[in-house]
Amino acid sequence: MSPPSRTFFNHPQLPPRFASHPQLPPRFARHPIGAGFDFFASYNILNLTTTQSAAMAPQTKKSGKASKQTKKFVINASQPASDKIFDTAAFEKFLQDKIKVDGRVGNLGDTITIQQIGDGKVEITAHNELSGRYLKYLTKKFLKKMQLRDWLRVVSTSKGVYELKFFNVVNDEADEDDD
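Numbering follows numbering that gives the first Met the number 0, in which position 109 of the sequence shown is assigned residue number 108; successive positions increment by one, without gaps.
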């Protein structure tokens, strides 16, 4: 048995007094908008079946496991390390103690490796989500702890590379001597 037709004049839920109107055709009887609008036809367009909506939705492939991504970050502190005011070994130890993995400190395991490369450079390799902004935050925290934040700043020179640079200080003593 087929479902009943969904036109306005023979809808099963409407009382019979809406079935006809003297001035309008029976299909648009007593509709507030009036002629030219078919409420149930527009209702049927919006009320799609599951097979129709599944055919219209874009198909996307979902893999069971996200692909592993490896990120490399380099923090270049060669300029302050050459001036003997920055200790890269202490900075490396600080990062190993402070980096959080899954909300816990000291939980690096095999996912994050920290090592010194060259003079004053520290390389962080992460096999999970780790942001550069978090490393910048930790670097600033280390500078504050060592009371170097007033003289050094952390600047991103390229993607994944952060460099410690001295602030440009204008020589005020030369200006005072001129006066």
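Backbone N, C-alpha and C fix where the C-beta goes; we use that ideal spot for every residue, glycine too. Treat the numbers as computed from the prediction; the structure is a model and nothing was measured.
query	result
Burial state of Gly119, where buried means 16 or more other Cβ atoms lie within 10 Å	buried
Beta-carbon spacing of Glu162, Val121 below 8 Å	no
Assigned secondary structure, Ala125 (DSSP; H/G/I helix, E/B strand, else coil)	strand
Residues of its chain near Val100, where Cβ-Cβ distance is below 8 Å and the 5 sequence neighbours each way are ignored	Asn106, Leu107, Gly108, Thr110, Ile111, Asn127
8 Å Cβ cutoff met for Leu151 and Pro79	yes
Counterpart residues of Glu162 in DSSP-defined beta bridges	Asn75, Val154
Status (buried if at least 16 other CB within 10 Å, exposed otherwise) for Ile74	buried
Thr69 in three-state terms, based on DSSP	coil
Three-way DSSP call (helix, strand, coil) for Gln146 in this model	coil
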